[in-house]
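Just so you know, the protein sequences line up as chains A and B, in that order.
Following the numbering used here, the numbering of the first sequence begins with 515 at its first residue and continues without gaps.
Following the numbering used here, the numbering of the second sequence begins with 6 at its first residue and continues without gaps.
First the structure, in the form of structure tokens, and then the observations on it.
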Amino acid sequence: MAISSDVKPTRMELKRTKARLKTATRGHKLLKDKRDELMRQFLLTVRENKALRQKVEAGLQEAMASMGRASQLMSPEILEQSLLCPKQGVEVELSLKNIMSVNIPEYVFRTRTDAAEDIFPYGYAQTSGELDEALEALSLVFQDMLALAQAEKAMQLMAAEIERTRRRVNALEYVMIPQMEETIRYITMKLEENERSTTTRLMKVKDQILQEAHEFDY
Amino acid sequence: MNYRIAVIGDRESVMGFRALGLDVFPVEKEEAKAVFSGLVKAEQGPPYAIIYITEELLRPLRAEISALKDELIPAVIPIPSKDGTLNLGMEALNSAVERAVGTNIL
Numbered sequence: 515m516a517i518s519s520d521v522k523p524t525r526m527e528l529k530r531t532k533a534r535l536k537t538a539t540r541g542h543k544l545l546k547d548k549r550d551e552l553m554r555q556f557l558l559t560v561r562e563n564k565a566l567r568q569k570v571e572a573g574l575q576e577a578m579a580s581m582g583r584a585s586q587l588m589s590p591e592i593l594e595q596s597l598l599c600p601k602q603g604v605e606v607e608l609s610l611k612n613i614m615s616v617n618i619p620e621y622v623f624r625t626r627t628d629a630a631e632d633i634f635p636y637g638y639a640q641t642s643g644e645l646d647e648a649l650e651a652l653s654l655v656f657q658d659m660l661a662l663a664q665a666e667k668a669m670q671l672m673a674a675e676i677e678r679t680r681r682r683v684n685a686l687e688y689v690m691i692p693q694m695e696e697t698i699r700y701i702t703m704k705l706e707e708n709e710r711s712t713t714t715r716l717m718k719v720k721d722q723i724l725q726e727a728h729e730f731d732y
Numbered sequence: 006m007n008y009r010i011a012v013i014g015d016r017e018s019v020m021g022f023r024a025l026g027l028d029v030f031p032v033e034k035e036e037a038k039a040v041f042s043g044l045v046k047a048e049q050g051p052p053y054a055i056i057y058i059t060e061e062l063l064r065p066l067r068a069e070i071s072a073l074k075d076e077l078i079p080a081v082i083p084i085p086s087k088d089g090t091l092n093l094g095m096e097a098l099n100s101a102v103e104r105a106v107g108t109n110i111l
């Protein structure tokens, strides 16, 4: 690993790297915990999402089938006309839920009128019963569609966050931390080396001094 | 703040949603792109929190939709059309799992 070139083997540098390693290790542990918990939540959401999607797809299929029957029994113009001016209106309010630092939308949905029969924007004279059935089925399945939207968005956002967190964990685990450990090892060895060379130098100097002293005697 | 819900797809599949009070946009495949980006921008009125889209339109709009994946709004949700499901919704689910886990574990 390329560290030796840009690291000064000093005590100060060693101390700093050790502190950084400590922070990195701690960060790694925290991020790992975050990833695990996110993953758990994510899998719950996925499961919910899957169930909801199956329900919605089945429900919609049924509603569409009724709609198909209705469109065969009625002329397309009348069908079009009957649905042209809806009595009902829908608004969505958005609140945020925070799961492990991921902001997830929660939809609260409000209809303009409370009456259930307001989903039929026509008089019953010209339309077939199949159309009523289709709309009823649709309004039933719509509740699930809303929940599906919420689960699906949550799933996407969480997937993105998990991906990010996983990258960070891996970068710390396989790059940053080994690199710092390497640096620490390098500095420690260099410092020890210096120490040894100082010792030998001192011994040498001492020998020389002694030698001179002895020569003086003669 | 209030948001709206849009449904976009072929005429027959989305017509019914109009009665529920959703904003319905019947489109042909060719114009889908323009209509969809118009929905995302939502220049008039409150923005759309959810856009339901029939599975037939997913493929031509793939680039636009995946750009919105990490945004909070709108949520783009595929729904089956009158001709039945193409299983693209489930595919989207699997790809999200793959993105998070690294492999498909389902």
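Virtual Cβ for every residue (Gly too), placed ideally from N, Cα, C.
All values reported here derive from a predicted model rather than from experimental measurement.
What's the gap between the Cα of residue i and the Cα of residue j?
i        : j        : result
A/Met553 : B/Ile84  : 26 Å
A/Tyr621 : A/Lys546 : 30 Å
B/Val12  : A/Met659 : 12 Å
B/Met20  : A/Met672 : 33 Å
B/Val29  : B/Glu69  : 19 Å
A/Glu647 : A/Glu677 : 44 Å
A/Thr697 : A/Glu675 : 31 Å
B/Asn109 : A/Glu551 : 19 Å
B/Ala5   : A/Ile613 : Because chain B in this structure spans residues 6 to 111, residue 5 of chain B falls outside the shown range and cannot be described.
B/Glu61  : B/Ser86  : 7 Å
A/Thr679 : A/Asn617 : 15 Å
A/Asn684 : A/Glu605 : 43 Å
A/Gln595 : B/Ala105 : 46 Å
A/Gln555 : A/Gly541 : 21 Å
With which residues is residue i paired in a DSSP beta bridge?
i        : result
B/Gly14  : B/Pro31
B/Pro83  : B/Ile58
A/Asn708 : Answer by DSSP bridge pairing: none, since A/Asn708 is not bridged.
A/Tyr700 : DSSP, once it has assigned bridges, lists no residue as partnering A/Tyr700.
First and last residue of the beta strand (DSSP E) that includes residue i?
i        : result
A/Arg624 : Val616 to Thr625
Could you check where the alpha helix (DSSP H) with residue i kicks off and where it finishes?
i        : result
A/Asp612 : Before going on, a small fix: residue 612 of chain A reads as Asn here, not Asp. It is not in any alpha helix (DSSP H) - A/Asn612 instead sits in the beta strand (DSSP E) that spans Val604 to Ile613.
A/Pro590 : Pro590 to Ser596
A/Gln657 : Gly643 to Ala685
A/Glu571 : Arg525 to Leu587
B/Met95  : Leu93 to Val106
B/Glu69  : Arg67 to Ala72
Taking Cβ positions, are residue i and residue j nearer each other than 8 Å?
i        : j        : result
B/Thr90  : A/Glu666 : no
A/Ala663 : B/Ala37  : no
A/Ile701 : A/Leu535 : no
B/Gly50  : A/Thr625 : no
B/Leu44  : B/Ile56  : yes
B/Met17  : A/Ser585 : In the sequence under discussion, the amino acid at residue 17 of chain B is Glu, which differs from the Met named in the question. Yes, they are a contact pair.
B/Ala54  : B/Ile82  : no
B/Ala47  : A/Pro600 : no
_Closer than 8 Å between beta carbons: that is the criterion. Which residues of the stretch 528 to 549 of chain A meet it against chain B?_
none
_Residues of the stretch 21 to 34 of chain B in Cβ contact with chain A at a cutoff of 8 Å, in chain order, please._
Gly21, Phe22, Arg23, Ala24, Leu25, Gly26 and Leu27
*Which residues, taken in chain order from the stretch 589 to 620 of chain A, show a beta carbon closer than 7 Å to some beta carbon of chain B?*
Leu597, Pro600, Gln602, Gly603, Val604, Glu605, Val606, Glu607, Leu608, Asn617 and Pro619
_Residues in the stretch 555 to 585 of chain A having any Cβ partner in chain B nearer than 8 Å_ = Phe556, Val560, Asn563, Lys564, Arg567, Val570, Glu571, Leu574, Gln575, Ala577, Met578, Met581, Gly582 and Ser585
*Looking at chain B, which residues of the stretch 677 to 692 of chain A have a Cβ within less than 7 Å of any of its Cβ atoms?*
Glu677
*When Cβ atoms are compared, which residues of the stretch 650 to 681 of chain A fall closer than 8 Å to chain B?*
Leu652, Ser653, Phe656, Met659, Leu660, Leu662, Ala663, Gln664, Glu666, Lys667, Met669, Gln670, Leu671, Met672, Ala673, Ala674, Ile676, Glu677 and Arg680
*With 8 Å as the limit, tell me which residues of the stretch 70 to 98 of chain B have their beta carbon closer than that to any beta carbon of chain A; keep them in chain order.*
Lys74, Asp75, Leu77, Ile78, Ala80, Ile82, Ile84, Pro85, Ser86, Lys87, Gly89, Thr90, Gly94, Met95, Ala97 and Leu98
*Positions along the stretch 687 to 721 of chain A whose CB lies within less than 7 Å of some CB in chain B*: none
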